[in-house]
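Asker:
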Amino acid sequence: MDVVAIMEALAEQGVTVLFKADAERMAERGNPWTFVASGGPLREDVLVRTDAASVEQCLAVCLPRLRELGFSFPE
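If you read the sequence shown in my numbering, its first letter stands for residue 1408, the second for the next number, and so on.
Listed below in structure tokens is the structure:
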């Protein structure tokens, strides 16, 4: 899965996308990865976000939600 291509496709549709790796949560063996999609065509009260153990887990949670909201991006 090409994460950069997914982020670019969403940005082209007006969505701001952020991936974050949190050093403190990684050291604590928590869920160090955060995915956030917001802004643009999403309503102010809609935020697609999750914290997970891996980038893949973040995408598995958030990409289906973004598809439900009508966004398209590469598989």
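Note that CB positions come from ideal geometry on N, CA and C, so glycine has one too.
Since we're looking at a predicted model, the values are computed, not measured.
Pick from Gln-1420, Ala-1434, Arg-1472: whose alpha carbon is nearest that of Phe-1442?
Answerer: Reading the sequence shown from its first residue, position 35 is the one you call residue 1442. The shortest Cα separation from Phe-1442 among Gln-1420, Ala-1434, Arg-1472 belongs to Arg-1472.
Asker: Hey, how far is the Cα of Met-1408 from the Cα of Gly-1446?
Answerer: In the sequence shown, the residue the question calls residue 1408 occupies position 1. In the sequence shown, the residue the question calls residue 1446 occupies position 39. Going from the Cα of Met-1408 to the Cα of Gly-1446 covers about 24 Å.
Asker: What ranges does the alpha helix (DSSP H) occupy inside the region 1417-1457, keeping only unbroken runs of at least 4 residues that lie completely in it?
Answerer: Segments of the alpha helix (DSSP H) lying fully in the region 1417-1457: 1430-1434.
Asker: Is it the case that the Cβ atoms of Trp-1440 and Ala-1416 are separated by a distance below 8 Å?
Answerer: To locate residue 1440, count along the sequence shown from 1; it is residue 33. To locate residue 1416, count along the sequence shown from 1; it is residue 9. No, these two residues do not count as a Cβ contact at 8 Å.
Asker: Expressed to the nearest angstrom, what Euclidean distance is found between the alpha-carbon atoms of Thr-1457 and Cys-1469?
Answerer: To locate residue 1457, count along the sequence shown from 1; it is residue 50. To locate residue 1469, count along the sequence shown from 1; it is residue 62. Our two residues, Thr-1457 and Cys-1469, have alpha carbons roughly 7 Å apart in a direct line.
Asker: Would you mind reading off the limits of the alpha helix (DSSP H) that contains Glu-1463?
Answerer: Position 56 of the sequence shown holds residue 1463. It spans 1462-1475 - the alpha helix (DSSP H) in which Glu-1463 sits, taken as one unbroken run.
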